[in-house]
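See structure below.
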Amino acid sequence: MKRAGSFFEDVHDVARLIPEGRVTSYGAIAKYLGTGMSARMVGWAMNASFNAEPPVPAHRVVNRQGLLTGKIHFSPPEMMQALLEREGIRVENDCIIDFQKHFWDPMVELG
DNA sequence: TAACTGACTCGGC
DNA sequence: AGCCGAGCCAGTT
Numbered sequence: 000m001k002r003a004g005s006f007f008e009d010v011h012d013v014a015r016l017i018p019e020g021r022v023t024s025y026g027a028i029a030k031y032l033g034t035g036m037s038a039r040m041v042g043w044a045m046n047a048s049f050n051a052e053p054p055v056p057a058h059r060v061v062n063r064q065g066l067l068t069g070k071i072h073f074s075p076p077e078m079m080q081a082l083l084e085r086e087g088i089r090v091e092n093d094c095i096i097d098f099q100k101h102f103w104d105p106m107v108e109l110g
C-alpha cells in the first residue's frame, strides 16, 4: 500500500484504482489502509473526493451491502446509479445486483 | 479549545 | 431475524 499522505488522500488513491465496472466497500478500503473499523472515515474522505484532483470515482464505493448509501451526496443523487449502470453494473432500488460478483477487494487485487 | 458529526461495521440481544 | 448500542478517526463549527 502506498501512503500518499493524509488518510483521505490514501482513500482517494485506492478509490481511483478501482477498475471500471467494479465496486468496493468502505470497510474494504479501511481495512486495506489498516485503519480497520474506521470505515466512517472512508466515507468522509469520499466527501472530500468531490474536490479532489484528479476526480475520484466515488460512485464505485458503496457500503458492505452493496447499497448506494452515498448517492445522496451526488448531484443529482440518481447520478451515482446512472454511472454504475453505465459501467455495466445492475442497480435496482439503490442496491447493486450481484454486488459480490462485481466486488473489488483492494487487499486481494493490490496485495 | 472542546465537542459534534459522519457516504460504516460489528457484536450482542 | 431484526433492532440497538458501541467503536473508529479526522474535519468542521
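Numbering follows numbering that gives the first Met the number 0, in which position 41 of the first sequence is assigned residue number 40; successive positions increment by one, without gaps.
A virtual CB, placed ideally from N, CA and C, is assigned to each residue, including glycine.
Could you name the residues of the same chain whose beta carbon sits closer than 6 Å to that of residue i, not counting the 5 residues immediately before and after it, in chain order?
i     : result
Phe98 : Gly65
Ala29 : Ser37, Ala38, Val41
Given the structure, does residue i come close to the ligand COA, in the sense that its CB is under 7 Å from one of the ligand's heavy atoms?
i     : result
Val41 : As far as ligands go, the structure on display features none, and thus does not contain the ligand COA.
Would you call residue i buried or exposed, if buried means 16 or more other Cβ atoms sit within 10 Å of its Cβ?
i     : result
Ser5  : exposed
Arg85 : exposed
Phe49 : exposed
So the alpha helix (DSSP H) residue i belongs to, where does it begin and stop?
i     : result
Arg15 : 6 to 15
Gly26 : 25 to 32
Arg85 : 77 to 85
Asn46 : 38 to 48
Assign residue i to one of three DSSP states: helix, strand, or coil.
i      : result
Ile95  : strand
Val107 : helix
Cutting at 7 Å between CB atoms, please list the residues of its own chain near residue i, excluding the five before and the five after it.
i     : result
Lys70 : Pro76, Met79, Gln80, Asp93
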